[in-house]
Amino acid sequence: MSDLDVRELDPDDDAAFGAWHHVYEVAERHELGDVATTWQLEEVRAAMRDGGSHSWSGGWCGVVDGETVAAGWMRTPLLDNPELAEMTVHVLPAHRRRGHGSTVLAHLESVARERGRRVLNGLASWPYDAGSDGAGASGPGFAAARGWMLALSEVQRELHLPVPAGLLDRLARDAARAHSSYTLRSWAGPVPDDLLAGWAEVTSSLATEAPTGDLDLEPEVVSPDVVRERETTIAKQGRTKYNTVALDADGVVVAYTDLATTVHEPGRAYQWGTLVRGEHRGHRLGVAVKVANLRLLQDERPDVRRLTTYNAEVNAHMIGVNEALGFVPVARLGDFQKRLG
Ligand SMILES: CC(C)(COP(=O)(O)OP(=O)(O)OC[C@H]1O[C@@H](n2cnc3c(N)ncnc32)[C@H](O)[C@@H]1OP(=O)(O)O)[C@@H](O)C(=O)NCCC(=O)NCCS
8 MSDLDVRELD
18 PDDDAAFGAW
28 HHVYEVAERH
38 ELGDVATTWQ
48 LEEVRAAMRD
58 GGSHSWSGGW
68 CGVVDGETVA
78 AGWMRTPLLD
88 NPELAEMTVH
98 VLPAHRRRGH
108 GSTVLAHLES
118 VARERGRRVL
128 NGLASWPYDA
138 GSDGAGASGP
148 GFAAARGWML
158 ALSEVQRELH
168 LPVPAGLLDR
178 LARDAARAHS
188 SYTLRSWAGP
198 VPDDLLAGWA
208 EVTSSLATEA
218 PTGDLDLEPE
228 VVSPDVVRER
238 ETTIAKQGRT
248 KYNTVALDAD
258 GVVVAYTDLA
268 TTVHEPGRAY
278 QWGTLVRGEH
288 RGHRLGVAVK
298 VANLRLLQDE
308 RPDVRRLTTY
318 NAEVNAHMIG
328 VNEALGFVPV
338 ARLGDFQKRL
348 G
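So in my numbering the end of the sequence shown lands on 348, straight run, no missing numbers.
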């Protein structure tokens with residue numbers, strides 16, 4: 008083990024928080040450069056200060072001789088998945104291979120255990136050319152050495168905006184032929200009251216209805232209150248959501264897609280979820296909601312030039328939708344898992 012002093016992070020301690028975020032940002036950019044998708048400082052801080060009733064987040068600094076060289080981050084859901092803890096570890100490039108990453112990870116694992124968490128998930132990104140298993144990249148090498156298994160392989164893709172209006176029109180028209188009994192609604196910001204219950208229902212099924220590989224996940228709790236709570240955190244984070252849903256003939260929300268921009272990172276947007284409920288698949292609703300949402304984004308935010316998304320490698324249908332829109336692969340993401348005994 009290394010000579011690292013692991014300290015719990017106080018989100019209100021500006022100096023400690025800045026040092027923590029510096030490690031995280033530099034470590035992510037080291038291998039991924041410009042395609043790294045780091046949370047900005049105030050986005051992490053808002054989540055750590057107040058995750059709401061549904062989740063708790065905390066950070067740890069790994070300090071050597073007064074310098075923060077390693078960073079740990081953990082999130083635990085509070086209303087569902089009672090055994091789950093999500094965690095990441097980052098080490099400044101000049102301080103790697105001295106056991107610091109292992110020391111921080113061991114600390115996070117013991118905190119998880121104290122909190123009754125036995126199912127551990129960790130995310131690591133690596134360059135696209137390193138392939139699905141990430142041979143030679145730091146995250147997969149570290150995960151394997153520490154006894155974590157790769158449970159789900161994802162590909163990060165990026166779309167240069169704007170997508171030509173003619174292409175969006177053609178895709179929307181082709182899809183519309185297959186979904187004539189459904190209606191689409193798009194909006195920016197919080198969910199309209201009349202859609203709140205349906206939105207809570209459809210979005211909470213994403214975690215288990217989208218491909219999850221070998222990840223051990225339970226369904227998320229459905230709660231309109233949590234939707235509102237998350238919106239409060241999103242506002243504090245400086246993020247704005249753009250959303251589209253499809254409603255069936257009875258007005259039930261059966262599909263959705265959402266993406267987010269942030270004031271802390273001008274010019275970029277991030278795709279969040281997209282889901283069509285099982286019994287409503289086959290009507291091209293996936294394309295329909297995505298195209299409508301892109302139109303909304305392009306109309307309201309012509310300044311946004313890059314949209315980033317992640318798809319499980321096995322999610323052929325969603326990848327087909329994304330490729331039709333012009334997304335290209337730029338990096339990979341692995342969801343690693345470990346079960347504590
Ligand atoms: C992954 C990371 C945290 C490792 O930090 P670290 O301080 O170098 O880790 P350790 O020194 O404790 O490494 C422990 C073991 O992991 C393995 N390992 C670490 N980095 C590796 C690499 N680049 N390639 C292959 N194996 C690696 C080795 O077996 C190593 O033991 P060794 O040095 O005796 O061979 C760091 O490289 C990093 O910040 N990467 C970017 C972020 C990331 O991917 N985080 C991991 C996912 S949460």
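The beta carbon of each residue, even a glycine, is placed where N, CA and C say it ideally should be.
Counting only unbroken stretches of 3 or more residues, the beta strand (DSSP E) elements lying wholly within the segment 175-243 are 190-195, in sequence order. The three-state reading of DSSP puts residue 145 in helix, counting H, G and I together. Ranking 23, 28 and 50 by CA distance to the CA of residue 271 puts 50 first.
Counting only the Cα atoms, residue 144 lies some 24 Å from residue 70. As the crow flies, the alpha-carbon of residue 198 is around 8 Å from that of residue 206. Non-local C-beta neighbours of residue 10 in its own chain, meaning closer than 6 Å and more than five positions away in sequence, are absent.
Contact between the segment 293-304 and the segment 123-141 is not established, with fewer than three Cβ pairs separated by less than 8 Å.
Measuring C-alpha to C-alpha distances from residue 189 to each of 53, 295 and 173 identifies 295 as the nearest. At least 8 Å separates the beta-carbon of residue 244 from that of residue 268. Of the candidates 132, 75 and 19, the residue whose Cα lies closest to the Cα of residue 42 is 132. With a cut-off of 8 Å on Cβ pairs, the segment 217-235 is not in contact with the segment 245-254, counting fewer than three such pairs. Proximity to residue 186 across 287, 19, 306 and 313 peaks at 287, based on C-alpha coordinates. Looking at 90, 97, 60 and 84, the one whose alpha-carbon comes closest to that of residue 75 is 97. Contact annotation, residue 62 with residue 82: C-beta distance approximately 6 Å; criterion of less than 8 Å satisfied. With fewer than three CB-CB distances shorter than 8 Å, the segment 11-19 does not count as touching the segment 309-326.
The segment 46-101 contains, as complete alpha helix (DSSP H) runs of 4+ residues, the segments 48-56 (chain order). Under the DSSP definition of a beta bridge, residue 132 partners with 340. The beta carbons of residue 224 and residue 88 sit closer together than 8 Å.
Those residues placing their Cβ nearer than 6 Å to any heavy atom of ligand 1 are, following chain order, 34, 95, 96, 97, 98, 103, 104, 105, 106, 107, 108, 109, 129, 131, 145, 146, 148, 149 and 152. Selection 303, 333, 159 and 94 evaluated against residue 193 yields 303 as nearest (Cα-Cα).
Within the same chain, and ignoring the five residues on either side of residue 54 in sequence, the residues whose Cβ sits closer than 6 Å to its Cβ are 64.
Between the alpha carbons of residue 93 and residue 170 lies a gap of roughly 35 Å. DSSP, reduced to helix, strand and coil, places residue 269 within a strand of the structure shown. Taken through DSSP and simplified to helix, strand or coil, residue 161 comes out as strand.
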